[in-house]
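Using the working numbering, the first residue of the sequence shown is number 40, and each one after it goes up by one. Reading through the C-alpha cells given below for one structure.
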Amino acid sequence: MTISLNWDLESIFTGGSQSSALADFLGQVIVDLDEFQPHLDPLTSQNQPEWVTRVQKLYDLSARLHQASAFVGCLVSHNVKDDRAIQLDAQIDQLSAQLRTHWTKMSALFAEQDEAAWNDLVTNTDLKLTAFNLNEERDLARQKMPPELEALAAELSADGYHGWNRLHNTVSGDKQVTLSKEELSLGQLQNRYEDDPDREIRREAYELYEASWTELEKTCATALNNQAGFRLTLYKNRGWDSVLKEPLMNNRISRDTLDAMWSTIDSKNGKLLDYFTAKAKLLGIDQLHWYDVFAPISQVAKTFTYQEAGDFVIEVMERFNPDIAQFCRMAIDKEWVESENRPGKRAGGFCTSFPLIGETRIFMTYNGSYNGMLTLAHELGHSYHDWVMRDLPYGARHYTMSVAETASTFNELVVNDASLRATNDSKEQLSLLGAKLNNAAIMLMNIKTRFDFETAFFERRAKQQLSVDELNELMVTVQKAAFKNSLANYHPHFWASKLHFYITDAPFYNFPYTFGYLFSNGVYAQALSEGPAFVDRYIAMLRDTGSMDTETLAQTHLGVDLTKPEFWETALDRVLGDVDKFIALV
Ligand SMILES: [Zn+2]
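Below, the structure is given as C-alpha cells:
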C-alpha cells in the first residue's frame, strides 16, 4: 500500500476554506457566543444544576472554537496563499477574544462563591473531572485585580504591551542583509551562522548578524524596556511580588522545582566543556567560538523516504511500547500527516488537535533527512499524547508547556538511541551523538543564559530602564557564567536577536524548554529500567497532565520529588553520558 504524503482534512470539514459545513459550524458558534450569559445568581444547592450547565456550555464553546481554529490553522499552513483561510483565521481570533472575556467574567464569579458551595460543585457534579482546571481559574481570578480593572488592563495591553512585540517582529522581519552576494533575512542569516558546515561562512555570518542587530539595538532596547515596564506595573497593581509568579503558574510548577532544576544543572553542566574540547579538536581549532557551539559535526548523507522513516519509527517504538507503535501506524495510514515537500507551505512542523472528534493532524515538510525523521517521531509523540486523553472532558485536557514536550521528546530519544545502535559507521555515530550534545548545550547552557538574563534584567528594570551598553554587558556576563568561560567569544546582542524575549503572551519563554527536555529524559530513564511494565504508567501519566500540577504528576506516576536534586541528577547523567561516548569515538 502506498502512503499518502498529504493529510486528510476533508473528513473534518468538506471543501477547505470554501466549506459550507465550516461556515454553518462557525455561524452556530457565533450565535452561541452572543447568547452566552456570563452571569449567574450566587451558587446554592438549588441552582447548582444551572451552574453545571452554564460551565459546561463554556467548555463546549471552547472546544468548538478550538476545533474550528485547528482546521483553519491547517488550511493556512498547507497553502499560505489561501486568502479565504487567512480571513477565517482572523475571524476566529476575534471570536476567541470574545470567549476569553466570557471566561474572565465567569472566573471572577467563581472567585466570589462560598467555599463549601463551590467545593460541592466541583466534587459532586458532572464537573468533577474538570475540578483542577476550574479551581485553577478561580485561584487566578482571586489573585488578580477586580474584573473591571483587569478588563481595562487587557484592553490597554493590545496596543500598550503586545504592540512592543509587534514592533520587534516588524523591525527584525523587515531587515535584509547580503552575505556573499546573497540576500538573506535575519532568520536565514542565523541558520547560516549556526548550522553551516563551513566554518568561514559561519564566522562571516555571525559577524554580520551581530552588526545587523547593532543597527537595530536602540529600537530593540526601547521595546524590551517598555514591555517589561508594562508587566512590572501590572504585577505591582495585582500585588504580585515576583516576575516569576506568572510563568510558574502558567507552567504549573513551583519555585522550589525550578531552583532545584537550575542548581543541579549548574553543578553538572561543566561536563559539556569536555564535549566542547573534543569538538574543537575535530574542527581543528583551540577553542569554540559562539558560532561553533551548534555547528554540525559532519554531514550524514543517508536519506530515507517518508515511508521508510515512518516504518523505522514504528519498528523502534514497537520494541518499547506497542501501544505507541500501533497508534503511529494508524495516524500514518489514516492520513493524519501532511509531509509533502513542495512550495507554498509554511515552514516548521506542528501537531494540532480536533477535540470534538478526538483526532489530531501533523504538519511538516519531510525532506528525507535524519532530522526529518526525528521531526516525524516528535510530532507523532504530541499526537499520541492527545490520543490517550481523547475521552476526557475538554476541561481536563489542557496541559502546560512544561509537560507538553514529554511524549514528543520521548519519541525522539527512542529513535536517537535506535539509530545509534543501527550503525557501525563511527562517522555517523559521531554525527548522531554530536547532534544530541548540541541540543544538550542549548538546553543546559544557552537557555540558562536566557533565564539568567531575564531574571537579572527584571530586577534592575524595576529600578530604571537599561541602556544598550548595560544590556550588552549583562548579556555577556550571564553567557560567560552559563558557558563557564569556555568560549572564545560571546554574543552581546543576543538580548536583541532572540525573539523569545519579546513574546508578550508567554513571559519567561525559556525554562519550560529545559524543564520539558530533562523531564522527558527522566521519564525515558525510568522506561528503560522498567521495560514494558512502564507502558501503563506512561499512559496514566500523560492522561493526568491536564489535571495535576507538575510536582503531583511526577510524584504520583514516577514516584519522584521534583523539588529535590535526585530526579534532575538522574536525567542529567543520562544526557551527559553521551559526552564520554563522543570522546571515545573522537
Ligand atoms: Zn514539540
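For every residue, glycine included, the Cβ atom is placed at its ideal position computed from N, Cα and C. All values reported here derive from a predicted model rather than from experimental measurement.
- Query: Which of the three DSSP states, helix, strand or coil, is assigned to I363?
  - Reply: Translated into positions along the sequence shown, residue 363 becomes position 324. Correct three-state label for I363: helix.
- Query: For the stretch 232-243 against the stretch 268-275, are there 3 or more C-beta pairs whose distance is under 8 Å?
  - Reply: They do not touch, by the three-pair rule.
- Local conformation of L510 per DSSP, three classes: Within the sequence shown, numbered from 1, the residue matching residue 510 stands at position 471. The answer is helix: DSSP assigns L510 an H, G or I state.
- Whether E418 touches I401 by CB criterion (7 Å): Position 379 of the sequence shown, counting from 1, holds the residue named residue 418. Position 362 of the sequence shown, counting from 1, holds the residue named residue 401. A contact, by the Cβ cut-off of 7 Å.
- Assign T70 to one of two classes, buried (16 or more other C-beta atoms within 10 Å of its C-beta) or exposed (fewer than that). Here residue 70 refers to the residue found at position 31 of the sequence shown. It is worth fixing the name first, because residue 70 is Val in this sequence and not Thr. So V70 ends up on the exposed side.
- Message: Tell me whether E569, by its Cβ, gets closer than 6 Å to a heavy atom of ligand 1.
- Response: Along the sequence shown, one-based indexing puts residue 569 at 530. It does not: the Cβ of E569 is nowhere closer than 6 Å to a heavy atom of ligand 1.
- Message: Between the alpha carbons of R358 and F393, how many angstroms are there, rounded?
- Response: Here residue 358 is taken as the residue at index 319 of the sequence shown, counted from 1. Here residue 393 is taken as the residue at index 354 of the sequence shown, counted from 1. Distance between the alpha carbons of R358 and F393 is about 29 Å.
- Cα-Cα separation, N174 to D295: Here residue 174 refers to the residue found at position 135 of the sequence shown. Here residue 295 refers to the residue found at position 256 of the sequence shown. N174 and D295 have their alpha carbons spaced roughly 22 Å apart.
- Can you name, in chain order, every residue of its own chain whose Cβ lies under 6 Å from the Cβ of Y541, other than the five neighbours on each side? Residue 541 sits at position 502 when you count from the first residue of the sequence shown. Excluding positions up to five away in sequence, the list reads N204 and H207.
- Message: Given the structure, does E451 come close to ligand 1, in the sense that its CB is under 6 Å from one of the ligand's heavy atoms?
- Response: Here the question's residue 451 lines up with position 412 in the sequence shown. Flag unset: Cβ of E451 not near ligand 1.
- Pick helix, strand or coil for E498, following the three-state DSSP scheme. As a position in the sequence shown, residue 498 is number 459, starting the count at 1. Looking at E498 - three-state DSSP - the assignment turns out to be helix.
- Three-state secondary structure (DSSP) of R400: Working through the sequence shown from its first residue, we reach residue 400 at position 361. The DSSP-derived three-state label of R400 is strand.
- Message: Is any non-hydrogen atom of ligand 1 found closer than 6 Å to the C-beta of S447, if you look at the structure I gave you?
- Response: In the sequence shown, counting from the first residue as 1, residue 447 sits at position 408. True, at least one ligand heavy atom lies under 6 Å from that Cβ.
- Query: Whose C-beta lies closer than 7 Å to the C-beta of L72 among residues of the same chain, with five residues either side of it excluded?
  - Reply: As a first step, residue 72 is located in the sequence shown; it is residue number 33 there, counting from the start. The beta carbon of L72 is closer than 7 Å to those of L100, L134, Q137 and L138 in its chain, skipping five residues each way along the sequence.
- Message: Just to confirm my understanding: we take A446, look at its own chain, exclude 5 residues before and 5 after, and list those with CB closer than 7 Å. What are they?
- Response: In the sequence shown, counting from the first residue as 1, residue 446 sits at position 407. Within the same chain, G420, H421, Y423, H424 and L581 come within 7 Å of A446 by CB-CB distance, once the 5 residues on both sides are set aside.
- Assigned secondary structure, S224 (DSSP; H/G/I helix, E/B strand, else coil): Along the sequence shown, one-based indexing puts residue 224 at 185. S224: strand per DSSP, three-state reduction.
- Message: Taking the beta strand (DSSP E) that T143 belongs to, which residues open and close that run?
- Response: Mapped onto the sequence shown, residue 143 falls at position 104. Careful: T143 lies outside any beta strand (DSSP E), inside the alpha helix (DSSP H) at D122 to E151.
- Task: Reducing DSSP to helix, strand and coil, say where T217 ends up.
- Result: Within the sequence shown, the letter at position 178 stands for residue 217. DSSP, reduced to helix, strand and coil, places T217 within a strand of the structure shown.
- Taking 6 Å as the line, does the beta carbon of I444 fall inside it for any heavy atom of ligand 1? Taking the first residue of the sequence shown as 1, we reach residue 444 at position 405. Just to set this straight, residue 444 is Glu in the shown sequence, not Ile. Because some heavy atom of ligand 1 lies under 6 Å away, the Cβ of E444 counts as near it: yes.
- Since N265 and G434 are thought to touch, with beta carbons under 8 Å apart, how far apart are those beta carbons, to the nearest angstrom? On the sequence shown, residue 265 is found 226 positions in, with the first residue counted as 1. On the sequence shown, residue 434 is found 395 positions in, with the first residue counted as 1. The distance from the Cβ of N265 to that of G434 is about 36 Å, inconsistent with a contact at the 8 Å cut-off.
- Task: Provide the residue(s) that pair with S392 in DSSP beta bridges, ordered along the chain.
- Result: Position 353 of the sequence shown, counting from 1, holds the residue named residue 392. Answer is T399, bridged to S392.
- Message: Quick check on E154: does DSSP put it in helix, strand or coil?
- Response: Along the sequence shown, one-based indexing puts residue 154 at 115. Residue state, collapsed to three classes: helix.
- Message: Below 8 Å, how does it come out for the stretch 467-486 and the stretch 294-311: are there three or more Cβ pairs, yes or no?
- Response: Yes, the stretch 467-486 is in contact with the stretch 294-311.
- Item | N-terminal and C-terminal residue of the alpha helix (DSSP H) that M580 is part of | As a position in the sequence shown, residue 580 is number 541, starting the count at 1. Taken as a continuous stretch (DSSP letters only), the alpha helix (DSSP H) holding M580 covers F573 to R582.
- Considering only the beta carbon of each residue, do A416 and E444 sit closer than 7 Å? If you number the sequence shown from 1, residue 416 lands on position 377. If you number the sequence shown from 1, residue 444 lands on position 405. Between A416 and E444, the C-beta spacing is not below 7 Å.
- Can you give, in chain order, each stretch of the alpha helix (DSSP H) that sits fully within the stretch 277-319 and has at least 4 residues? Qualifying alpha helix (DSSP H) stretches, in chain order: 284-289 and 294-307.
- Task: Measure the alpha-carbon distance for Y552 versus F389 and round it to whole angstroms.
- Result: In the sequence shown, the residue the question calls residue 552 occupies position 513. In the sequence shown, the residue the question calls residue 389 occupies position 350. Between the alpha carbons of Y552 and F389 lies a distance of about 16 Å.
- Message: Counting C-beta neighbours from all protein chains within 10 Å, is the total for N290 16 or more, i.e. buried, or is it exposed?
- Response: Working through the sequence shown from its first residue, we reach residue 290 at position 251. Classification for N290: buried.
- Query: Pick from G323, L395 and D153: whose alpha carbon is nearest that of R103?
  - Reply: Locating residue 103 in the sequence shown gives position 64, counting from the first residue. The shortest Cα separation from R103 among G323, L395 and D153 belongs to L395.
- Item | Endpoints, the alpha helix (DSSP H) within which Y556 is located | For this step, residue 556 is matched to residue 517 along the sequence shown. Counting along the chain, Y556 sits inside the alpha helix (DSSP H) bounded by residues F550 to E569.
- Message: Rounding to the nearest angstrom, what Cα-Cα distance links Y98 and R499 in this structure?
- Response: Reading the sequence shown from its first residue, position 59 is the one you call residue 98. Reading the sequence shown from its first residue, position 460 is the one you call residue 499. If I take the Cα positions, the gap works out to 41 Å.
- Work out the CA separation of L148 and K183 for me, nearest whole Å. Numbered from its first residue, the sequence shown carries residue 183 at position 144. Numbered from its first residue, the sequence shown carries residue 148 at position 109. Spanning the two alpha carbons is a distance of roughly 13 Å.
- Just the C-alpha distance for F521 and T488, rounded to the nearest angstrom, thanks. Counted from its first residue, the sequence shown places residue 521 at position 482. Counted from its first residue, the sequence shown places residue 488 at position 449. Before going further, note that residue 521 is Ala rather than Phe in the sequence given. Looking at the backbone, the Cα of A521 and that of T488 are separated by about 6 Å.
- Message: Considering just the uninterrupted stretch of the alpha helix (DSSP H) at P546, what are its terminal residues?
- Response: Position 507 of the sequence shown, counting from 1, holds the residue named residue 546. Annotation for P546: no alpha helix (DSSP H) segment contains it, and DSSP assigns it neither H nor E.
- Message: Within 10 Å of its beta-carbon, does G397 have 16 or more other beta-carbons around it, so buried, or fewer, so exposed?
- Response: Here residue 397 refers to the residue found at position 358 of the sequence shown. Counting every other CB atom within 10 Å of its CB across the protein chains shown gives G397 a total below 16, marking it as exposed.
- Item | Bridge-paired residues (DSSP) for E377 | As a position in the sequence shown, residue 377 is number 338, starting the count at 1. According to the DSSP secondary-structure assignment, E377 is paired through a beta bridge with F402.
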